[in-house]
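Scroll down for the structure; my scribbles are underneath it.
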Amino acid sequence: MSVQAKSPPADALAPRLPQGGVWMAVERLLVRAGDRLNPILVKESRQALKSRQFVITFALVLIFGWVWSILGLGWLSPNAMYSNQGSGMFAGYYLILAFPLLVIVPFGAFRSLASEQEDRTYELLSITALSPRQIVSGKLGSAVAQMLVYLSAISPCLAFTYLLRGIDALTMLYVLFWTILASLGLAMLALLVGTLTDERHWQVVLSVVLIVGLLLAFWLACMIVFNGMLFSFGMPFSDPTFWQISAAFLTGFATYFALVYYAAVARVTFASDNRSTRLRVIMLVQHMLFAGWMTWAWIVSGGEYEVVLTFLALAVLHWFAMGAMMTGETTELSLRVRRSLPQSFLGRAVLTWFNPGPGTGYLFAVCGALGALVLGFLAVVLRDIYPFPQTFRGRSGDAAILAFGALAVSYLVIYLGAGLFVLRLLRRAGQSGMLLTILIHIMLALTGCGMPVVVQMMSENWYRTGYSLLQMSNAVWTLAYMVGGTTLPVEAPLLLTLVPLAALGVFVLNLPEIVREVRFVRMSKPARVAEEDAELAARLAPPPQPKRISPWDVVEG
19 MSVQAKSPPA DALAPRLPQG GVWMAVERLL VRAGDRLNPI LVKESRQALK
69 SRQFVITFAL VLIFGWVWSI LGLGWLSPNA MYSNQGSGMF AGYYLILAFP
119 LLVIVPFGAF RSLASEQEDR TYELLSITAL SPRQIVSGKL GSAVAQMLVY
169 LSAISPCLAF TYLLRGIDAL TMLYVLFWTI LASLGLAMLA LLVGTLTDER
219 HWQVVLSVVL IVGLLLAFWL ACMIVFNGML FSFGMPFSDP TFWQISAAFL
269 TGFATYFALV YYAAVARVTF ASDNRSTRLR VIMLVQHMLF AGWMTWAWIV
319 SGGEYEVVLT FLALAVLHWF AMGAMMTGET TELSLRVRRS LPQSFLGRAV
369 LTWFNPGPGT GYLFAVCGAL GALVLGFLAV VLRDIYPFPQ TFRGRSGDAA
419 ILAFGALAVS YLVIYLGAGL FVLRLLRRAG QSGMLLTILI HIMLALTGCG
469 MPVVVQMMSE NWYRTGYSLL QMSNAVWTLA YMVGGTTLPV EAPLLLTLVP
519 LAALGVFVLN LPEIVREVRF VRMSKPARVA EEDAELAARL APPPQPKRIS
569 PWDVVEG
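As structure tokens, this is what we get:
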């Protein structure tokens with residue numbers, strides 16, 4: 019009787035690794051950390067770092083860095099050890115580093131998500147266990163990985179410029195910090211642009227627009243760094259106001275980054291999800307933070323009216339941009355969203371404006387602009403109560419500020435309302451989309467501001483005249499005309515009557531749509547959905563812990 023020999027298991031043939039040691043513990047930790055990484059981050063990083071575009075760009079960065087090092091030292095020699103030319107060398111290295119960070123990396127992030135839309139491969143990602151937030155975070159993480167590689171190539175050269183004197187380490191760190199943030203913000207914005215459409219011809223148009231915008235951002239960053247930081251009298255690091263202004267800009271960057279991030283997440287999530295509430299909460303937080311920083315600037319400046327004008331102009335412009343996107347939302351609420359609507363009277367009165375919908379979004383933007391106008395009115399009142407120094411240049415009355423704010427809010431109501439009405443008609447014809455929404459609002463604003471100028475320039479009677487009532491629809495010229503002199507213009511009473519009346523008419527025209535969206539009430543969950551939610555909550559809840567009834571009870575671990 020023959021006995022068949024059994025082959026040893028595969029685990030027995032594998033080499034046994036020692037279980038102890040510091041390096042083995044580190045390796046096990048890295049393995050576990052790698053298993054927990056975002057799969058999209060791993061995939062995108064592998065594809066990006068192996069792509070021909072990255073290899074060519076990285077090689078060019080190294081070559082240009084090497085060439086600039088030789089040319090710079092040749093230009094500085096033989097006095098390289100005695101001259102303070104570190105800022106000039108830093109400028110060259112910064113130019114080499116800023117191009118991939120501000121142009122190549124953001125455009126690569128755009129293509130990574132746009133290609134998913136073009137090739138219809140995003141549907142494969144959406145049916146996996148990955149959430150939309152993980153998908154966007156993974157693509158953004160891949161851009162961060164490329165940024166770190168480019169930084170690692172040029173960082174030794176930047177440190178070398180410190181040895182040449184002429185630039186301090188704090189200036190170098192400050193410039194690099196804001197450049198990295200700019201690259202991160204542009205990459206996030208590029209990801210959002212990549213989600214606007216899935217049609218190939220529109221992707222080509224967006225690619226051209228994005229490239230032009232990135233090149234403009236690169237040129238602007240170089241001009242700011244060269245003229246404002248390196249070749250001036252230095253950065254005022256000892257001035258507390260400088261750091262306060264930097265903190266204000268950092269706050270604005272953080273809030274807008276969060277807004278763009280969650281907007282990109284909302285664009286790639288499924289249609290029945292609530293895409294709007296989180297974004298509107300961020301908009302409200304932005305408005306409050308911006309009002310706080312402008313209040314600080316108003317107090318520090320001694321109550322100057324120019325600060326109030328700047329606040330009103332930027333606030334209305336911000337809410338116009340936000341309203342232009344909110345009016346492009348779908349008019350119908352899914353059953354999933356309606357099951358989460360507020361049901362109490364107080365909740366409906368306060369939180370209804372955070373619900374998805376173009377009508378509620380339009381009213382939310384109008385309320386934000388009105389809130390800015392109220393703050394401007396309070397600034398005018400406090401300016402008259404407290405003894406601030408008389409530093410206002412131009413119109414020396416409260417009427418200029420109030421007239422500017424009232425007209426700015428009225429123009430916002432008119433143009434956003436007109437866009438909302440046009441979009442409602444287009445939806446009935448079956449046309450919709452975020453890109454179409456943005457184009458409609460841009461075309462309406464350009465038409466209202468540009469057509470009167472064209473008509474006046476072509477007229478023989480009005481060609482050489484200044485502002486006239488023909489420019490009533492031109493928001494830019496009208497607002498500048500209201501605060502450009504020493505007294506209110508003679509057309510001010512008529513403008514302050516006709517423009518708000520037109521805004522009221524446009525608002526009433528859109529009121530039925532707003533009322534219809536406000537009337538949405540909360541729906542109860544179906545029995546099946548309630549059972550599934552209860553089962554999921556029980557599964558995620560921690561196990562019950564045994565309780566001691568008396569001191570002699572023993573709790574088993």
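According to my numbering, the stretch in the sequence shown is residues 19 to 575, in order. Cβ coordinates follow ideal geometry from the N, Cα and C atoms, glycine included.
> Would you call Phe410 buried or exposed, if buried means 16 or more other Cβ atoms sit within 10 Å of its Cβ?
Replying inline: Translated into positions along the sequence shown, residue 410 becomes position 392. The predicted model places Phe410 with a pLDDT of 47, which falls under 50 and marks its position as unreliable; any figure quoted below should be read in that light. Buried, because 16 or more other Cβ atoms sit within 10 Å of the Cβ of Phe410.
> In angstroms, rounded to a whole number, what distance separates the CA positions of Ala239 and Ser225?
Replying inline: Counting from 1 along the sequence shown, the entry for residue 239 is found at position 221. Counting from 1 along the sequence shown, the entry for residue 225 is found at position 207. Cα-Cα distance, rounded: 21 Å.
>> How far does the alpha helix (DSSP H) with Pro530 in it extend, from its first residue to its last?
In response: For the purposes of this step, residue 530 is taken as the residue at position 512 of the sequence shown. Its alpha helix (DSSP H) spans residues Ala510 to Val536.
> Which residues in the same chain have their Cβ closer than 6 Å to the Cβ of Ala161, if we skip the five residues on either side of it in sequence?
Replying inline: Walking along the sequence shown from the start, residue 161 turns up at place 143. Only Val123, Ala127 and Ala205 meet the Cβ criterion.
> Among Leu359, Ala333 and Met500, which residue has its Cα nearest to the Cα of Val368?
Replying inline: By one-based count along the sequence shown, residue 368 stands at place 350. Cα-wise, what sits closest to Val368 is Leu359.
>> Using C-beta distances below 8 Å, list every residue in its chain close to Gly394, excluding the 5 sequence neighbours before and after it, in chain order.
In response: Residue numbering aside, residue 394 sits at position 376 when the sequence shown is read from its first letter. Taken in chain order, the residues that qualify are Val326, Phe329, Leu330, Ile419, Leu420 and Gly423.
> Assuming Leu488 and Pro470 make a contact with CB atoms under 8 Å, what is their CB distance in whole Å?
Replying inline: As a working mapping, residue 488 is identified with position 470 in the sequence shown. As a working mapping, residue 470 is identified with position 452 in the sequence shown. Sure, about 5 Å apart at Cβ, within 8 Å.
> Candidates Thr483, Tyr404 and Glu350: which alpha carbon is nearest Gly320's?
Replying inline: For the purposes of this step, residue 320 is taken as residue 302 along the sequence shown, with counting starting at 1. The residue with the shortest Cα to Cα distance from Gly320 is Tyr404.
> Near Leu554, what residues of its chain come up, given a Cβ to Cβ distance below 8 Å and the 5 sequence neighbours on each side ignored?
Replying inline: Looking up residue 554 in the sequence shown gives position 536. Excluding sequence neighbours, Leu554 sits near nothing in its chain.
> Does DSSP classify Arg413 as helix, strand or coil?
Replying inline: The residue labelled residue 413 in the question sits at position 395 within the sequence shown. Per-residue confidence for Arg413 stands at a pLDDT of 45, beneath the threshold of 50, marking its modelled position as unreliable; no derived number is given.
> Excluding sequence positions up to five away, which residues of its chain have a Cβ less than 6 Å from the Cβ of Asp416?
Replying inline: For this step, residue 416 is matched to residue 398 along the sequence shown. Cβ within range, chain order: Val398.
> Asn292: buried (16+ other C-beta within 10 angstroms of its C-beta) or exposed?
Replying inline: For this step, residue 292 is matched to residue 274 along the sequence shown. Buried, since its Cβ has 16 or more Cβ neighbours within 10 Å.
>> Considering just the uninterrupted stretch of the alpha helix (DSSP H) at Trp495, what are its terminal residues?
In response: Residue numbering aside, residue 495 sits at position 477 when the sequence shown is read from its first letter. Counting along the chain, the alpha helix (DSSP H) containing Trp495 begins and ends at Ala493 to Met500.
> Hey, Gly451 and Thr287 are a contact pair by Cβ (cut 8 Å); roughly how many whole angstroms apart?
Replying inline: As a working note, residue 451 is residue 433 in the sequence shown. As a working note, residue 287 is residue 269 in the sequence shown. About 16 Å; that fails the 8 Å criterion.
> I think Gly92 touches Cys175, with their Cβ atoms under 8 Å apart; what is that distance to the nearest whole Å?
Replying inline: Residue numbering aside, residue 92 sits at position 74 when the sequence shown is read from its first letter. Residue numbering aside, residue 175 sits at position 157 when the sequence shown is read from its first letter. Contact flag wrong, Cβ pair sits at about 15 Å.
> Leaving out the 5 sequence neighbours to the left and right, which residues in its chain are closer than 6 Å to His305 when beta-carbon positions are compared?
Replying inline: Here residue 305 refers to the residue found at position 287 of the sequence shown. Cβ within range, chain order: Gly386.
>> Check whether the region 495-514 and the region 522-540 are in contact - that is, three or more C-beta pairs closer than 8 Å.
In response: no
> Straight-line CA distance for Arg413 to Glu322?
Replying inline: Counting from 1 along the sequence shown, the entry for residue 413 is found at position 395. Counting from 1 along the sequence shown, the entry for residue 322 is found at position 304. Bear in mind that the predicted position of Arg413 carries a pLDDT of just 45, short of 50, making it unreliable; the figure below should be weighed with that in mind. Approximately 12 Å between the Cα atoms of the pair.
>> For Met343 and Ile58, what's the separation of their Cα atoms in angstroms?
In response: Translated into the one-based positions of the sequence shown, residue 343 becomes position 325. Translated into the one-based positions of the sequence shown, residue 58 becomes position 40. Between Met343 and Ile58, the C-alpha separation is close to 28 Å.
> When burial is assigned at 16 or more other CB atoms within 10 Å of the CB, is Ile114 buried or exposed?
Replying inline: Here residue 114 refers to the residue found at position 96 of the sequence shown. Label assigned to Ile114: buried.
>> Let's test the definition: count the other Cβ atoms within 10 Å of the Cβ of Leu202 and tell me whether it reaches 16, buried, or not, exposed.
In response: Here residue 202 refers to the residue found at position 184 of the sequence shown. By the neighbour-count rule (16 or more Cβ atoms within 10 Å), Leu202 is buried.
> If we call anything under 8 Å between Cβ atoms a contact, is Thr213 one with Ala276?
Replying inline: Counting from one through the sequence shown, the residue named residue 213 turns up at place 195. Counting from one through the sequence shown, the residue named residue 276 turns up at place 258. Not in contact: Thr213 and Ala276 (Cβ atoms no closer than 8 Å).
>> By alpha-carbon positions, which one of Ile456, Val384, Thr197 and Phe308 ends up nearest to Ala1?
In response: Given that the chain is displayed from residue 19 to residue 575, the structure contains no residue 1 and the question cannot be resolved.
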